[in-house]
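One structure is given below, encoded as structure tokens.
Number of protein chains: 2
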Amino acid sequence: MPHQIYRCSSVFICGFILCSLRRLGQSRFTIAISAKIAGRQFLLAGILIMGLLWLFVACMVAQEVDAPRFDGKDTLLRPVGYREWVFIGSSLGLRYDPEAAEKSRPGSERYHNVYINPSSYREFSRTGRFPDGTILVLELASAAQKNEPGLQGSYQDKFVALEASVKDSRRFEDVWAYFSFDEKDGTVKDKAQPFPKKACWSCHNQKAETDHVFTQFYPILRQARPSK
Amino acid sequence: MPHQIYRCSSVFICGFILCSLRRLGQSRFTIAISAKIAGRQFLLAGILIMGLLWLFVACMVAQEVDAPRFDGKDTLLRPVGYREWVFIGSSLGLRYDPEAAEKSRPGSERYHNVYINPSSYREFSRTGRFPDGTILVLELASAAQKNEPGLQGSYQDKFVALEASVKDSRRFEDVWAYFSFDEKDGTVKDKAQPFPKKACWSCHNQKAETDHVFTQFYPILRQARPSK
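Set out below in structure tokens:
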């Protein structure tokens, strides 16, 4: 909300200044005191510079820099700054795996931290829907336990994987697409091609409560959406 | 993005029209130079007022509204909007409890989501230090497991507690203070008094790696701070 006020007022004032400049420019011809004019020109130049500077800052603010970025049609560039996005949930060892013969052994499970880009979070809070341009980032961390007197429980130790899902009905035939930025050698890559449909899409399509998003596991999203 | 362009351009045009109306209105007096001068003074005053207004709004935006808010000397008002702050970590059942006879039984453990106010996060990223005005919010969620074919692991179900720590060397004799917003009936209260020193402070003081903050459990903070 402060962003919007700032944006609107700054653009309004830019219009005002530009217009005033025109007016002052015309009045040059009505008053014939050259010293006055020189002084006024200096003032005008100052105001013009301020106005332009201002327009630049307003544009910087107006542009949400949290949209997914692509290389070509469907190659997703690795999101940056997502740790300052909106965190929507963390889970431990949570996954659908119908073919797993037995449950994961304790200690091998991973924490899943999930973030959403802020503009899509705000849209979801307003409408209960995920807009085109929604990007969810899944960052996986190893779970650790310390052998320290009196310390119980597990915590996140090292980040081990980075994945993302994007909703874009104009870009993807199936609306949502899924990506992994993990190289086989354990490093993180800069861009990723979407997974084939059967890898993530099918499960999200079948099991997720709200438009491919597992809101059943994210109390933050359930509380954020407007009540029906 | 198209919305923003539309909004900006429409507000810009509104400013332009309003300004033009003023100009037209004034043109009735163009013959009298004195009126012109008066008009110019009026314009300058207008620009000055708008400039100050702008400065005010810009300051509002620049000033993160994420500082801890107090009632009196040390009663902390419940933080709002913290779910859009910077998430720094989640753990499961993590706590120091030297007197616990045995480990918590699985299922009774809680997830601990921890957030930091964005301005302090940025300061920490720059300097590696937590400034006065740092506030960390700890939100506890119950852990759940679903009996669903193929689903493994646990996830966050319901939020059950809300706590906070604040650093303020001018307000608190011991620099850091700790608060809980939980009523005994399970509701959340609007303000909280600091805990006595032995409740949280001592343990944080003794065990936390970085100035009362358990960075040993928060890989996000370890990665955010500048490398030495």
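From first to last, the protein sequence lines are chains A and B.
Following my numbering, the numbering of the first sequence begins with 1 at its first residue and continues without gaps.
Following my numbering, the numbering of the second sequence begins with 1001 at its first residue and continues without gaps.
Glycine included, C-beta positions come from ideal geometry on N, C-alpha and C.
Residues A1141, S1142, A1143, A1144 of the same chain have their beta carbon placed closer than 8 angstroms to that of B/D1157, with the five preceding and five following residues left out of the count. The C-beta distance from B/G1093 to A/S154 rounds to 7 angstroms, short enough to meet the 8 angstroms contact threshold. Around the beta carbon of A/G150, fewer than 16 other beta carbons sit within 10 angstroms, so the residue counts as exposed. Taking a contact to require three or more Cβ pairs closer than 8 angstroms, the region 112 to 131 of chain A and the region 1109 to 1126 of chain B do not qualify as touching.
Non-local beta-carbon contacts of B/Q1223 in its own chain, meaning distances under 8 angstroms to residues more than five positions away in sequence, are absent.
Listed along the chain, the chain A residues whose CB falls inside 8 angstroms of the CB of B/S1154 are S91, L92, G93, L94.
Cβ contact annotation for B/E1209 (same chain, cutoff 7 angstroms, sequence separation greater than five): T1215, Q1216, in chain order. Taking 7 angstroms as the cut-off, the Cβ atoms of B/F1181 and B/A1192 count as close. Around the C-beta of B/K1167, 16 or more other C-beta atoms lie within 10 Å, and the residue is accordingly described as buried.
With fewer than 16 other CB atoms across the displayed protein chains lying within 10 angstroms of its CB, B/V1188 is exposed. Scanning its chain for C-beta atoms nearer than 7 angstroms, with the 5 sequence neighbours on each side dropped, one finds no residue around A/L43. Distance from the CA atom of B/K1146 to the CA atom of A/F195, rounded to whole angstroms, is 27 angstroms. Sequence-ordered contacts of the region 1141 to 1168 of chain B with chain A read A1141, P1149, G1150, L1151, Q1152, G1153, S1154, Y1155, Q1156, D1157, K1158, F1159 [C-beta pairs closer than 7 angstroms]. Linking B/S1227 to B/Y1111 through their CA atoms gives a straight-line distance of about 29 angstroms. For B/H1112, the enclosing beta strand (DSSP E) has its first and last residue at 1110 to 1116. Using a CB distance cut-off of 7 angstroms, B/V1086 counts as an interface residue toward chain A. Across the region 191 to 218 of chain A, CB contacts with chain B closer than 7 angstroms involve F217, in sequence order along the chain.
Within the same chain, and ignoring the five residues on either side of B/E1183 in sequence, the residues whose Cβ sits closer than 8 angstroms to its Cβ are K1189. Boundaries of the alpha helix (DSSP H) harbouring B/A1224: 1219 to 1224, taken from the DSSP string.
The C-beta separation of B/D1211 from B/S1169 comes to about 11 angstroms, leaving the pair out of contact by the 8 angstroms criterion.
Our two residues, A/A67 and A/S119, have alpha carbons roughly 8 angstroms apart in a direct line. In the DSSP assignment, A/Q145 falls outside any alpha helix (DSSP H), carrying neither H nor E. Look at A/K191 here: in three-state DSSP terms it is strand. For B/W1085, there is no enclosing alpha helix (DSSP H), since its DSSP letter is neither H nor E. By a beta-carbon distance limit of 8 angstroms, A/R83 contacts B/V1086. Their separation comes to about 7 angstroms. Residues are counted here when their Cβ sits less than 8 angstroms from a Cβ of chain A; for the region 1108 to 1125 of chain B these are E1109, Y1111, N1113, Y1115, P1118, Y1121, given in chain order. With a cutoff of 7 angstroms on beta-carbon distance, B/Y1218 and B/I1088 are scored as near each other. In the structure shown, the three-state DSSP call for A/R95 is strand. Boundaries of the alpha helix (DSSP H) around A/S202: 201 to 207. Secondary-structure assignment with DSSP links A/V65 through no beta bridge to anything. Just measuring C-alpha positions, the residue of A/V65, A/E109, A/Y96 sitting nearest A/I116 is A/V65. Relative to the Cα of A/K73, the nearest Cα in the group A/K197, A/W54, A/A177 belongs to A/A177.
Annotation for A/T215: no beta strand (DSSP E) segment contains it, and DSSP assigns it neither H nor E. At least 7 angstroms separates the CB of B/R1222 from every CB of chain A. The residue among A/H204, A/Q152, A/L221, A/F179 with its C-alpha nearest the C-alpha of B/S1091 is A/Q152.
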